[in-house]
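> Submitted below is the structure of interest, expressed as structure tokens.
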Amino acid sequence: GENVEQHPSTLSVQEGDSAVIKCTYSDSASNYFPWYKQELGKRPQLIIDIRSNVGEKKDQRIAVTLNKTAKHFSLHITETQPEDSAVYFCAASKGGSYIPTFGRGTSLIVHP
Amino acid sequence: DVKVTQSSRYLVKRTGEKVFLECVQDMDHENMFWYRQDPGLGLRLIYFSYDVKMKEKGDIPEGYSVSREKKERFSLILESASTNQTSMYLCASSSAGGKQPQHFGDGTRLSIL
């Protein structure tokens, strides 16, 4: 089955810095890659997703890049703010499957 | 906006009790999921359902069962609660087909004493 590895497990940055979280996946048939943000005590929420027919997608300060050849995808957050502090999860799913495989999460801490 | 509602935010039960966690979604989603979230282990899939009365085991189904009698409701049952089932439980739903995001509930923090 699919295996998704996420790094780092913890990331600490200063406000205004950029943050990058990386995920690798094992199944080359995977073609949908969502990212979720979970603030402390709250539900995970989708922040951005990418499908395998594109290499990059941006939404204001966040972007996701996908390298299908290397089987990895990354979340980029620019000009980080304290409210970006949360746990971020990547996921991968394939074909007609609606069941994603999640990474173990990255705890991002943005220091004011 | 999709709303996934879990019946309890916090629940305390005793070992050996039968525990019911309820989840309701209001977007007519075909797929529903139960996850367990533990520190450092991410989200682990317990059971999922792609249609009424249909259920499939996830990665960690032991000690759990589920029920889906209506499309909008998905119940997780701990047949005989044990202390190692103390955890955060998250329900999610998604629409049919692939390449669809999941929508999560707020979670139930379950403590088994």
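Keeping their order, the protein sequence lines are chains A and B. Sequential numbering of the first sequence, starting at 10, is according to my numbering. Sequential numbering of the second sequence, starting at 1426, is according to my numbering. We put the beta carbon where it would ideally sit given N, CA and C, even for glycine.
Answer with buried or exposed for B:S1507, where buried requires no fewer than 16 other C-beta atoms within 10 angstroms of its C-beta.
As a working note, residue 1507 of chain B is residue 82 in the second sequence. B:S1507 comes out exposed.
> Quick check: A:E24 and A:H120, are their CB atoms within less than 8 Å of each other?
Reading the first sequence from its first residue, position 15 is the one you call residue 24 of chain A. Reading the first sequence from its first residue, position 111 is the one you call residue 120 of chain A. Result yes, Cβ atoms of A:E24 and A:H120 sit closer than 8 Å.
> Counting C-beta neighbours from all protein chains within 10 Å, is the total for A:P91 16 or more, i.e. buried, or is it exposed?
Working through the first sequence from its first residue, we reach residue 91 of chain A at position 82. By the 10 Å Cβ count, A:P91 comes out exposed.
> State the start and end residues of the unbroken beta strand (DSSP E) segment that holds A:Q54.
Here residue 54 of chain A refers to the residue found at position 45 of the first sequence. Per DSSP, A:Q54 belongs to the beta strand (DSSP E) from 54 to 60.
> Between A:G112 and chain B, is there a C-beta pair that is closer than 8 Å?
Start at 1 with the first residue of the first sequence, and residue 112 of chain A comes out as number 103. So, interface residue.
> Roughly how many angstroms separate the alpha carbons of B:I1471 and B:S1492, rounded to a whole number?
The residue given as residue 1471 of chain B occupies position 46 in the second sequence. The residue given as residue 1492 of chain B occupies position 67 in the second sequence. When rounded, the distance between both Cα atoms is 13 Å.
> Could you work out which residue in A:G64, A:E88, A:T89 is closest to A:S79 when comparing CA atoms only?
To locate residue 79 of chain A, count along the first sequence from 1; it is residue 70. It is worth fixing the name first, because residue 79 of chain A is Ala in this sequence and not Ser. Nearest of A:G64, A:E88, A:T89 to A:A79, Cα basis: A:G64.
> What residues from the stretch 1511 to 1537 of chain B come within 9 Å of chain A, judged by C-beta to C-beta, listed N to C?
Within the stretch 1511 to 1537 of chain B, the residues whose Cβ lies closer than 9 Å to some Cβ of chain A are L1515, A1517, S1519, S1520, A1521, G1522, G1523, K1524, Q1525, P1526, Q1527, H1528, F1529, G1530, D1531, G1532, listed in chain order.
> I'd like to know whether the C-beta atoms of B:A1531 and B:R1434 end up nearer to each other than 8 Å.
Position 106 of the second sequence, counted from the start, is the residue given in the question as residue 1531 of chain B. Position 9 of the second sequence, counted from the start, is the residue given in the question as residue 1434 of chain B. Per the sequence presented here, residue 1531 of chain B reads as Asp, with Ala not at that position. In this structure, B:R1434 lies closer than 8 Å to B:D1531 by Cβ.
> Check for me: the beta strand (DSSP E) holding A:P43 runs from which residue to which?
Within the first sequence, the letter at position 34 stands for residue 43 of chain A. Its beta strand (DSSP E) spans residues 39 to 47.
> Specify the secondary structure class of A:D93 as computed by DSSP and reduced to three states.
Residue 93 of chain A sits at position 84 when you count from the first residue of the first sequence. Reduced to three states, the DSSP call for A:D93 is helix.
> Which same chain residues, not among the five before or five after A:S21, have their C-beta less than 6 Å away from its C-beta?
The residue you call residue 21 of chain A lines up with position 12 of the first sequence. Correct list, in chain order: I118.
> For B:F1473 versus B:F1458, is the C-beta distance shorter than 8 Å?
For the purposes of this step, residue 1473 of chain B is taken as the residue at position 48 of the second sequence. For the purposes of this step, residue 1458 of chain B is taken as the residue at position 33 of the second sequence. Cβ atoms of B:F1473 and B:F1458: closer than 8 Å.
> Count the other C-beta atoms from every protein chain shown that fall within 10 angstroms of the C-beta of B:V1477, then say buried if there are 16 or more, exposed otherwise.
Indexing the second sequence from 1 puts residue 1477 of chain B at position 52. With fewer than 16 Cβ atoms within 10 Å of its Cβ, B:V1477 is classed as exposed.
> Where does the unbroken beta strand (DSSP E) through B:E1487 begin, and where does it stop?
For the purposes of this step, residue 1487 of chain B is taken as the residue at position 62 of the second sequence. Unbroken run through B:E1487: none, as it is neither H nor E.
> Enumerated in chain order, which unbroken segments of the beta strand (DSSP E) with a length of 3 residues or greater are wholly contained in the stretch 1426 to 1452 of chain B?
If we require 3 residues or more, the beta strand (DSSP E) runs fully inside the stretch 1426 to 1452 of chain B come out as 1429 to 1431, 1435 to 1438, 1444 to 1450.
> On a CA-only basis, which of A:T19, A:V13, A:S94, A:T110 is nearest B:P1464? Give me that one, please.
Within the second sequence, numbered from 1, the residue matching residue 1464 of chain B stands at position 39. Ranking the options by Cα distance to B:P1464, first place goes to A:T19.
> Quick one, which of A:S27, A:H16, A:P17, A:K51 has its alpha-carbon nearest A:I71's?
Here residue 71 of chain A is taken as the residue at index 62 of the first sequence, counted from 1. Nearest C-alpha to A:I71: A:S27.
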